[in-house]
RNA sequence: GUGGCUGUAGCUCAGUUGGCAGAGCACCUGUCUGUGGAUCAGGAUGUCGCGGGUUCGAGCCCCGUCAGCCACCCCA
């Protein structure tokens, strides 16, 4: 262990090139999935007032998990714990100028002051994507289809990952039928949320201790185990029909146990999970928020969206052996330096190759040629060029294909073409 | 915020009732003074997370602390 290194902040991650490559890979896949459905990229401030989240994000998130401090002017500010409220405000400010439906996506850092553990850090990156305007099951289906397009693009099959869908209005209507009073709905949601984490009898006992009658409990259990309930709800029938038409139905299941903690969801809610079960956390989650714009001072406007953090999906990809191969060097070509005498010649050669559109590394100083090849190998490079006395004398360059091990001498003028040819063949 | 497990070489880890600090991989050198991945030979490597305590003596026992992990809580 190296000594005297000041530790990084708890719950933060350091992105060495290998981790950065994964982050960029995820960014690329999110971007492609979003843009294939016509979503525009945008971003909001990373620093917001605490006030923005006060009423709508949920007590826990605001009181316990916001990274909050007072700025020099005395304002309570917070590193953003989520994006939806910033979205609502930015939409509200230009509400009459935007072209609807608004389709926006974003990828950036967020902070939550939580206890770090597997799948959870205090600083994380999150993909957010939202559609504002249309309030329809077909719009909801589109967002789910975007999520699945992403999942497919990183190699997750329906056997490996699934999206579970529910509807809060349906659940409210069912709670009405059971005669569960409105004021205890929040507790019921919490109860439903923890059902999957507890044993059946322990959960039942817990429910009864928390004020639920035996009659309500029996009704609730029957409700939560009714996987065909969606067929009785018009919006869900339309949602599944749309998912079918979009070709993603095999990835989606109805599940009345999905409720989600955030207060602003009003209709469709959904979460994606890894079925292999290495991580018990949702890969992504979202839903319809019908009143949010009005809540931040805009005109009524409905929206649907979801968020996906980079941490859980990273673990899921690793556990399913789906991480992309990492190539250390972005330059596939090494120009070696045979001897001090030929150093300028090597520099000139590398400059020519860059002019020809190649990414090229110069070995920075004369060294044993074996050491230079070792470097090329460790950096995952594809081609090494040697310019020694023999080559300079005959106006040639030795070009070695590091994958096949073959080496040929070619005339200096033909080197760019030869290198391109080797790279193209792989 | 609550409870538990862990922390030893660059990495993964072993370390006996408390008695000289270890292995594999990686690294460096050589085999190979114009060629990487393979083989073989040799070599270097430690604030045992940090701070205190007990003891003749602590990697090991005790207290504290920091970090990671696990279960809660919550959620991306």
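Numbering (our numbering), first residue to last: 1 to 426. Note that CB positions come from ideal geometry on N, CA and C, so glycine has one too. What you are looking at is a predicted structure, and each value in this text was computed from that prediction instead of being measured.
Buried or exposed (CB count within 10 angstroms, at least 16 for buried), residue i
i: residue 2; result: Because residue 2 sits at a pLDDT of 47, beneath the cut-off of 50, its placement in the model cannot be relied upon, and the point is left open.
i: residue 381; result: buried
i: residue 20; result: exposed
i: residue 210; result: exposed
i: residue 16; result: exposed
i: residue 416; result: buried
i: residue 141; result: buried
Where the beta strand (DSSP E) through residue i begins and ends
i: residue 203; result: Premise fails: residue 203 lies in the alpha helix (DSSP H), 200 to 209, not in any beta strand (DSSP E).
i: residue 106; result: 102 to 111
i: residue 70; result: 67 to 70
i: residue 289; result: 284 to 289
i: residue 275; result: Note, residue 275: premise wrong, no beta strand (DSSP E); not H, not E.
i: residue 428; result: Coverage of the chain is limited to positions 1 through 426, which leaves residue 428 absent and any answer about it impossible.
i: residue 254; result: 252 to 254
i: residue 236; result: Residue 236 -> not in any beta strand (DSSP E); alpha helix (DSSP H) instead, spanning 234 to 245.
Start-to-end residues for the alpha helix (DSSP H) that takes in residue i
i: residue 304; result: Premise fails: residue 304 lies in the beta strand (DSSP E), 302 to 309, not in any alpha helix (DSSP H).
i: residue 220; result: 214 to 224
i: residue 95; result: No alpha helix (DSSP H) holds residue 95; DSSP gives it neither H nor E.
i: residue 164; result: Note, residue 164: premise wrong, no alpha helix (DSSP H); beta strand (DSSP E) at 161 to 167.
i: residue 146; result: 137 to 153
i: residue 131; result: Not the alpha helix (DSSP H): residue 131 falls in the beta strand (DSSP E), residues 123 to 133.
i: residue 22; result: 17 to 36
i: residue 292; result: 292 to 295
Beta-carbon gap between residue i and residue j smaller than 8 Å
i: residue 242; j: residue 137; result: yes
i: residue 299; j: residue 26; result: no
i: residue 267; j: residue 290; result: yes
i: residue 336; j: residue 397; result: no
i: residue 79; j: residue 162; result: no
i: residue 127; j: residue 30; result: yes
i: residue 132; j: residue 154; result: no
i: residue 50; j: residue 66; result: yes
i: residue 360; j: residue 331; result: yes
i: residue 388; j: residue 339; result: yes
i: residue 114; j: residue 326; result: no
i: residue 174; j: residue 223; result: yes
i: residue 312; j: residue 257; result: no
i: residue 281; j: residue 119; result: yes
i: residue 307; j: residue 285; result: yes
i: residue 169; j: residue 301; result: no
Whole-number beta carbon distance between residue j and residue i, since they are thought to touch under 8 Å
i: residue 85; j: residue 106; result: With 8 Å as the limit, residue 85 and residue 106 do not qualify as a contact, their Cβ atoms being about 13 Å apart.
i: residue 164; j: residue 270; result: 6 Å
i: residue 259; j: residue 196; result: No, residue 259 and residue 196 are not in contact; Cβ-Cβ is about 11 Å, not under 8 Å.
i: residue 144; j: residue 34; result: Actually they do not touch by this definition, with Cβ atoms about 14 Å apart.
i: residue 399; j: residue 408; result: 6 Å
i: residue 419; j: residue 358; result: 6 Å
- Unbroken stretches of the beta strand (DSSP E), 3 residues or longer, contained in the stretch 338 to 368: 360 to 362
- Which full runs of the alpha helix (DSSP H) of 4+ residues lie inside the stretch 383 to 424, going along the chain? 389 to 394, 415 to 424
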